[in-house]
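Protein chains in written order, with my numbering: chain A, 2 to 316; chain B, 2 to 316; chain C, 2 to 316; chain D, 2 to 316. For glycine and all other residues, C-beta sits at the position ideal for the given N, C-alpha and C.
4 protein chains.
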Amino acid sequence: MHSADEADSPYDGDRISRRMDEAFSALFGQPCAALWVSSGTAANGLALAALVEPHGAVVCHREAHIETSEAGAPAFYTHGAKLILAEGDGAKLTPESIAAVIDPIEQGVHYIHPQAISLTQASEYGLSYAPDEMSALGAFAKERGLKLHIDGARFANAVAFRHCSPAALSCEAGASTLVFGCVKNGGMGAEALVLFEPALADLVKVRRKRAGHLQSKGRYMAAQLLALVEGDLWLDNARAANAAAQEIAGAAGDRLLHAVEANEIFLKLSPQERAGLRAQGFGFYDWGDDAARIVTAWNSDPAHVGKLARAIGGL
Amino acid sequence: MHSADEADSPYDGDRISRRMDEAFSALFGQPCAALWVSSGTAANGLALAALVEPHGAVVCHREAHIETSEAGAPAFYTHGAKLILAEGDGAKLTPESIAAVIDPIEQGVHYIHPQAISLTQASEYGLSYAPDEMSALGAFAKERGLKLHIDGARFANAVAFRHCSPAALSCEAGASTLVFGCVKNGGMGAEALVLFEPALADLVKVRRKRAGHLQSKGRYMAAQLLALVEGDLWLDNARAANAAAQEIAGAAGDRLLHAVEANEIFLKLSPQERAGLRAQGFGFYDWGDDAARIVTAWNSDPAHVGKLARAIGGL
Amino acid sequence: MHSADEADSPYDGDRISRRMDEAFSALFGQPCAALWVSSGTAANGLALAALVEPHGAVVCHREAHIETSEAGAPAFYTHGAKLILAEGDGAKLTPESIAAVIDPIEQGVHYIHPQAISLTQASEYGLSYAPDEMSALGAFAKERGLKLHIDGARFANAVAFRHCSPAALSCEAGASTLVFGCVKNGGMGAEALVLFEPALADLVKVRRKRAGHLQSKGRYMAAQLLALVEGDLWLDNARAANAAAQEIAGAAGDRLLHAVEANEIFLKLSPQERAGLRAQGFGFYDWGDDAARIVTAWNSDPAHVGKLARAIGGL
Amino acid sequence: MHSADEADSPYDGDRISRRMDEAFSALFGQPCAALWVSSGTAANGLALAALVEPHGAVVCHREAHIETSEAGAPAFYTHGAKLILAEGDGAKLTPESIAAVIDPIEQGVHYIHPQAISLTQASEYGLSYAPDEMSALGAFAKERGLKLHIDGARFANAVAFRHCSPAALSCEAGASTLVFGCVKNGGMGAEALVLFEPALADLVKVRRKRAGHLQSKGRYMAAQLLALVEGDLWLDNARAANAAAQEIAGAAGDRLLHAVEANEIFLKLSPQERAGLRAQGFGFYDWGDDAARIVTAWNSDPAHVGKLARAIGGL
């Protein structure tokens with residue numbers, strides 16, 4: 002095995018980067034192309050630009066990361082395609098919620114052309130789509146002539162929670178593209194853009210370069226990704242984070258605002274309760290006035306997690 | 002007076018085009034720049050591109066023409082700025098409905114930056130903003146650091162309905178840009194993009210050229226616009242259309258879905274009723290399953306209008 | 002026959018616009034789609050956007066109008082594609098001059114991808130490409146996998162000069178797109194974008210709308226174009242302009258800087274000579290310090306042209 | 002001192018990233034903002050987008066990296082601004098070569114607006130601009146109202162060669178932006194975008210996010226940059242590479258195609274000579290048919306370099 006610290010061919014021609022396609026094809030059980038990209042925002046942008054035209058549109062949830070937290074990157078990458086916002090509990094899409102926003106759009110040159118669906122797995126509220134939900138969305142997408150993209154910043158957590166194959170939550174359901182998250186799962190600065198239609202790769206690679214995301218020592222990114230997926234580390238890390246989340250969820254009782262199906266816990270906590278927890282050294286995000294968002298990690302200290310669970314249980 | 006058929010300097014250097022700024026400044030009672038543009042879609046796009054950056058956003062009504070019927074032209078012209086969709090009866094915005102969609106947006110590099118408001122006068126449902134409504138919106142915009150744009154495809158109809166000055170519905174309320182509609186009010190193929198901040202003109206003119214909207218015989222467009230605004234023709238035409246709309250509205254009674262404040266009437270009409278009216282030679286648009294949209298024009302034949310009013314009254 | 006002043010379906014659904022495809026198909030002897038567009042800059046932009054991707058490039062002459070005089074419109078329409086500048090006498094391209102600029106470009110994701118050639122017929126110096134020159138360029142384009150676009154602001158003049166069919170200078174040589182000029186040949190504000198690959202039309206129509214070039218009373222543009230091409234008016238007008246140019250060229254002798262093959266004459270004229278001619282009421286453009294550019298028109302007054310020819314001959 | 006491996010605030014809010022501005026301000030002796038960006042292509046794109054408008058243009062050398070090797074990234078980042086190509090020995094610009102390409106451009110809405118100059122320090126042929134050359138270019142830029150950008154992928158090598166301050170080759174000469182190269186000088190995947198007009202930072206940061214270049218664990222990039230510039234490592238590394246280049250240059254005699262003023266050597270080498278050197282284990286790039294490009298590095302093995310020098314000397 003080669004170390005990324007050894008000099009090698011630049012860009013993605015090195016010995017490590019060249020293992021990417023094979024490693025991800027093995028992971029998903031079908032031929033795919035896998036490109037390292039330094040951020041999820043860029044990977045989402047490149048994926049969507051491969052699926053929709055500038056006059057096209059992507060249906061996503063109103064609270065999807067690509068809508069709320071990427072500073073308009075999808076429009077930058079797609080040269081102006083629109084995000085059409087659908088509703089759904091827990092930031093999850095359904096065929097019905099998608100149909101509700103695209104059915105009223107007339108056809109013709111005056112109107113936006115919906116061309117893709119983007120969902121987040123696990124969702125922005127830590128919910129995961131089950132294999133049958135994914136299949137239903139994939140079938141709906143196919144029926145409507147829409148491509149399916151998955152923002153999988155927490156994809157490993159969803160797979161770990163669902164005890165299914167990664168393919169069951171992606172390519173088997175008809176997804177064309179997947180951002181396979183690495184940074185939230187232990188990486189330093191790399192995500193994998195997985196193309197289940199490998200023919201898309203040539204064009205995506207040009208656009209990656211054009212966006213300044215073709216790093217000359219890309220082997221450092223490839224090394225992070227392969228360390229995760231050439232074995233079970235990606236799943237082990239996700240399981241650890243999920244387990245920590247379940248421990249906290251178990252203590253939270255009816256404070257829970259959403260089911261915990263990955264590594265995020267949203268729970269009712271008054272300002273005073275939050276202040277109390279913080280005074281004990283616990284870190285989390287405020288979520289509006291009366292709630293908090295807790296994120297567990299691949300490396301969360303079990304002792305610290307246990308202490309937090311007990312503190313929440315004791316409120 | 003010169004005819005547009007006389008050879009003259011090309012582009013907007015001719016004797017007719019050069020009267021545009023003066024004519025519109027006189028109309029609005031303040032210095033402004035006025036550019037001919039061949040369509041409302043282009044004029045809106047150029048205006049919004051002058052007001053927001055590519056990472057910015059424009060708040061508009063969910064049913065605004067720029068959102069529903071311009072094929073994403075605002076994103077094309079602004080290089081990707083987002084439209085943020087607000088609610089409101091009759092496709093009208095209020096400070097509250099705008100605040101409801103921008104207040105939740107956090108500040109910082111991860112988020113979209115709302116930079117402008119775009120409203121349609123008269124609205125997509127034929128409602129008009131009164132001077133005090135415009136003032137309230139303008140004050141709100143100023144307070145929030147937002148620029149104000151008016152899509153005035155039916156601006157003349159709104160002015161005619163409100164019996165006020167054109168300035169009261171635009172620059173006096175703080176609008177930076179206005180598309181002063183001409184085509185729906187008798188023109189062949191020209192709208193005026195009025196810039197109440199004349200300093201914007203230099204850049205907008207470059208962008209007009211870059212978008213292929215600087216016609217070499219622009220004098221033909223200028224001639225259409227000046228024919229309207231160097232006298233009262235713009236108002237006479239609008240009044241004629243409005244009067245026809247009022248006559249029909251008067252006959253429609255409680256079939257009316259919206260107040261009639263310009264030249265559009267939306268009214269409940271069953272499929273059978275619509276078929277019956279069409280059989281008598283009347284033209285209008287279906288509006289969903291149980292309603293119709295009737296548009297009157299500057300040149301609607303009074304006899305025909307009267308006949309339609311009687312036909313509706315007699316249903 | 003219908004007048005454009007009659008109310009009709011909006012946009013391009015009216016009875017006049019719907020004759021466009023047929024009229025141009027007849028003119029070129031093969032099925033084509035023909036769209037009205039209000040300016041040559043827009044028509045060129047739309048054509049190029051149909052032929053190249055944002056990371057692609059168009060080879061054109063260093064003095065091509067799209068490079069020198071359209072304020073970057075091609076980059077706006079194509080979302081950033083590059084113009085690669087080739088050399089050539091009289092602003093004409095040859096296979097050799099194109100090869101000279103594209104052969105050094107390496108292949109791969111780091112480099113620009115040349116995808117089209119754009120030539121101007123007649124050229125910016127009033128030279129025209131002969132049928133065999135067009136064939137050679139078309140064959141070269143095909144061999145290199147490049148699409149061929151023709152900026153035909155003066156296409157009619159070139160056809161008139163070459164005494165050939167319009168097809169011989171366009172589709173028979175393999176051109177995919179042609180801007181068939183109308184404004185310089187008598188029109189008010191319309192050019193025809195002719196697509197010799199009619200399958201391109203759907204997408205180009207969306208982009209035309211998105212660019213604000215789908216006028217709601219497009220019938221006024223269609224009427225201008227059909228008036229030219231449903232008979233021989235386009236050719237008659239061009240012949241008149243060409244004849245005037247030849248008369249002046251005949252008087253210019255060795256002052257001529259370029260052969261006169263359309264309706265433009267470039268000739269050496271000192272500042273004093275130009276001043277003298279202007280004092281006699283003749284209009285033309287300065288061309289550097291010691292030359293002038295004279296453009297004749299479809300409606301140039303023969304008496305005036307004769308007088309100018311005599312004045313030049315007498316210098 | 003904190004390690005990047007410690008959890009910290011995400012994006013650029015961590016304790017390491019927050020030292021960037023200060024570290025680079027100290028290096029340049031004036032307040033500046035410094036942003037980490039993962040590639041030179043992205044950093045150049047962001048810089049140029051801060052300096053020119055979509056209808057603007059950047060003058061660069063015909064062989065500048067931004068023109069030849071970035072797949073059109075500048076056009077992507079600037080939304081279509083043009084690169085105007087100037088000539089100059091050794092890929093270096095001069096006020097005269099810049100004037101030669103911008104002076105013929107007319108002013109007005111039909112034309113491209115040159116708004117910036119971009120030069121590469123050291124140049125693509127390994128030549129460096131001396132302080133007085135930089136001053137002359139800066140003065141020229143100021144006089145013409147152009148902003149000055151420096152692509153400094155090998156900036157450290159130029160500073161090391163010129164024995165001057167980094168400021169003398171950048172801000173003191175009036176540069177607005179500088180890409181301070183790190184990857185070619187020992188880094189893994191980070192470059193510093195230095196803004197000598199710190200007021201540009203707010204907007205550039207938004208665009209960095211929008212382009213997907215705001216990494217969530219940016220501290221790993223900051224750590225690379227600070228390791229170089231909080232001491233003399235950046236200069237030590239560059240000196241080592243330069244010294245290796247000088248050793249090879251000294252042996253190359255009149256084979257040299259360009260002066261060696263950084264860490265690149267271009268020298269005449271026949272195919273046979275190249276094959277012979279490669280057979281001895283030396284690596285370099287072919288440069289056309291009869292030359293080679295040798296690049297030395299911060300970590301080139303002196304023994305290997307010496308062996309290469311002797312091999313070249315002995316040819």
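Asked: Once the 5 residues before and after A157(B) are set aside, which same chain residues still bring their CB inside 6 Å of it?; Found: N186, W235, A239
Asked: Going by the DSSP bridge assignment, what does W37(C) pair with across the sheet?; Found: A193(C)
Asked: Closer than 9 Å, CB to CB, is K218(D) near chain B or not?; Found: no
Asked: Should G30(A) go down as buried or exposed, given a rule of 16 or more other Cβ atoms within 10 Å for buried?; Found: exposed
Asked: Secondary structure at L170(B), three-state DSSP: helix, strand or coil?; Found: helix
Asked: Provide the residue span of the beta strand (DSSP E) that contains F267(A), from first to last.; Found: 265–269
Asked: Roughly how many angstroms separate the alpha carbons of E248(A) and A161(A), rounded to a whole number?; Found: 15 Å
Asked: Measuring only between beta-carbons, confirm whether A38(D) sits less than 9 Å from chain A.; Found: For the sequence presented, residue 38(D) should be read as Val rather than Ala. Yes, V38(D) lies at the interface with chain A (some Cβ there is under 9 Å from its Cβ).
Asked: Hey, L91(A) and S124(A) are a contact pair by Cβ (cut 8 Å); roughly how many whole angstroms apart?; Found: Going by the sequence as given, residue 91(A) is Gly instead of Leu. With 8 Å as the limit, G91(A) and S124(A) qualify as a contact, their Cβ atoms being about 6 Å apart.
Asked: Can you name the start and end residues of the beta strand (DSSP E) that A292(B) belongs to?; Found: 292–296
Asked: Do you know how far the Cα of A27(B) is from the Cα of V102(C)?; Found: 54 Å
Asked: Kindly list the residues whose CB is nearer than 6 Å to the CB of A202(C), restricted to its own chain and excluding five residues on each side of it in sequence; keep chain order.; Found: A34, L196
Asked: Between V36(B) and V230(B), how many whole angstroms is the CB-CB distance? I'm expecting something under 8 Å.; Found: Correcting the residue identity first, residue 36(B) is Leu in this sequence and not Val. Contact doesn't hold; Cβ gap of about 14 Å is too wide.
Asked: The region 198–213 of chain D: which residues have C-beta closer than 9 Å to a C-beta of chain B, in chain order?; Found: D203, L204, K206, V207, R208, R209, K210, R211
Asked: For H80(C), does the count of other Cβ atoms within 10 angstroms reach 16, so buried, or fall short, so exposed?; Found: buried
Asked: So, for A169(D): in the same chain, excluding its five sequence neighbours on each side, which residues have a beta-carbon less than 8 Å away from its beta-carbon?; Found: P132, M135, R163
Asked: What residues in its chain sit with their C-beta under 7 Å from that of R294(B), if we drop five residues either side in the sequence?; Found: E265, F267, F285, Y286, W288
Asked: In three-state terms, what does DSSP make of F283(C)?; Found: coil
Asked: Taking Y78(D) and S217(D) to be in contact with their CB atoms under 8 Å, please state how far apart those CB atoms are, rounded to whole angstroms.; Found: So it is not a contact: roughly 21 Å between Cβ atoms.
Asked: Express the C-alpha separation of D15(C) and V306(B) in angstroms, rounding to a whole number.; Found: 23 Å
Asked: How is the alpha helix (DSSP H) around L309(C) delimited, first residue to last?; Found: 303–314
Asked: Closer than 8 Å by beta-carbon distance: list the chain B residues that pair up with Y112(A), in chain order.; Found: T69, S70, A72
Asked: Contact criterion: CB-CB distance below 9 Å. Does G153(A) meet it with respect to chain D?; Found: no
Asked: What is the DSSP secondary structure of T95(A), reduced to helix, strand or coil?; Found: coil
Asked: Taking only beta-carbon atoms, is N186(D) less than 9 Å away from chain A?; Found: no
Asked: Looking at the strands, I want to know which residues DSSP matches up with T121(C).; Found: D152(C)
Asked: Under 8 Å: does the beta carbon of V296(D) sit that close to some heavy atom of the ligand FAD?; Found: No copy of the ligand FAD appears in this structure; indeed no ligand is present at all.
Asked: Can you find a CB in chain A that lies within less than 9 Å of the CB of K83(B)?; Found: yes
Asked: Do A117(D) and K148(D) have their C-beta atoms within less than 9 Å of each other?; Found: yes
Asked: Alpha carbon to alpha carbon, what distance is there between A74(D) and I67(D)?; Found: 8 Å
Asked: Alpha carbon to alpha carbon, how far is S129(A) from G46(A)?; Found: 22 Å
Asked: Hey, out of G254(B), P199(B), W299(B), whose CA is closest to L52(B)'s CA?; Found: P199(B)
Asked: If I'm right that A263(C) touches A246(C) with Cβ under 8 Å, what's the distance once you round it to whole angstroms?; Found: 7 Å
Asked: Any beta carbon of chain B sitting closer than 9 Å to that of P55(D)?; Found: yes
Asked: Within 9 Å of any Cβ in chain C, is that where the Cβ of T42(B) sits?; Found: yes
Asked: Which residues in chain C sit within 9 Å of L215(A), going by Cβ to Cβ distance?; Found: V110, H111
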